[in-house]
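All residue numbers for the sequence shown refer to the working numbering, where the first residue is 136 and numbers rise by one.
What follows is one structure encoded as structure tokens, with my remarks underneath.
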Amino acid sequence: MKDLPGVLPDSGHSAHSYSKNGSTIVELHGEIDLATAPEVRLHIDAATALVGSRLVVDLRPVEFIDCAAFALLCRARRRLRDRGGTMVLVCVRPWHLKLLRAAGLGDCFRVVETVEEAVAQG
136 MKDLPGVLPD SGHSAHSYSK NGSTIVELHG EIDLATAPEV RLHIDAATAL VGSRLVVDLR
196 PVEFIDCAAF ALLCRARRRL RDRGGTMVLV CVRPWHLKLL RAAGLGDCFR VVETVEEAVA
256 QG
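As structure tokens, this is what we get:
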């Protein structure tokens with residue numbers, strides 16, 4: 136796996152982007168909240184800029200997530216839909232899924248358990 140040209144390099148903080156089999160993977164980690172949202176938005180905006188982009192957002196390493204993160208995910212989904220792209224969330228923590236459902240977003244995202252599964256689904 137390598138850093139994706141045109142996508143931001145690893146900042147060592149909340150997000151890392153790379154390419155795998157034609158998909159852009161944005162791996163989020165740590166706390167994704169109002170304080171880290173601007174950095175995460177840069178990665179997601181770069182990954183959703185092209186027509187027909189395939190975005191995988193890996194939430195497995197995330198320790199804390201709030202409404203700022205959900206707003207970013209919804210924005211990414213909307214940008215991709217408008218550009219004919221796709222988006223998949225990788226999530227294994229039950230409380231992430233519970234929060235998505237509580238926010239009324241449970242049916243808005245395709246969710247899988249591994250990056251490999253997300254990439255295979257295209």
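Just so it is clear, CB atoms sit at the ideal spot from N, CA and C, and this is done for glycine as well.
Predicted, not measured: the structure shown is a model, and the values here were computed from it.
In this structure, H164 and V197 form a Cβ contact; the two beta carbons are roughly 6 Å apart against a cut-off of 8 Å.
Taking all protein chains in view, the Cβ of V161 is crowded by 16 or more other Cβ atoms within 10 Å, so the residue is classified as buried. Counting only residues of its own chain and dropping the five nearest sequence neighbours on each side, S188 has a CB closer than 7 Å to the CB of T159, A182, L215, R218, G220. Under the DSSP assignment, F199 falls in the beta strand (DSSP E) whose first and last residues are 197 to 200.
Counting only the Cα atoms, C226 lies some 12 Å from I200. Of the residues R210, D193, L207, the one whose Cα lies closest to the Cα of E248 is D193. Taking 8 Å as the cut-off, the beta carbon of A172 is found closer than this to the beta carbon of A203. A direct Cα-to-Cα measurement between L235 and V191 gives close to 17 Å. In the three-state reduction of the DSSP assignment, R245 falls in the strand class, which pools E and B.
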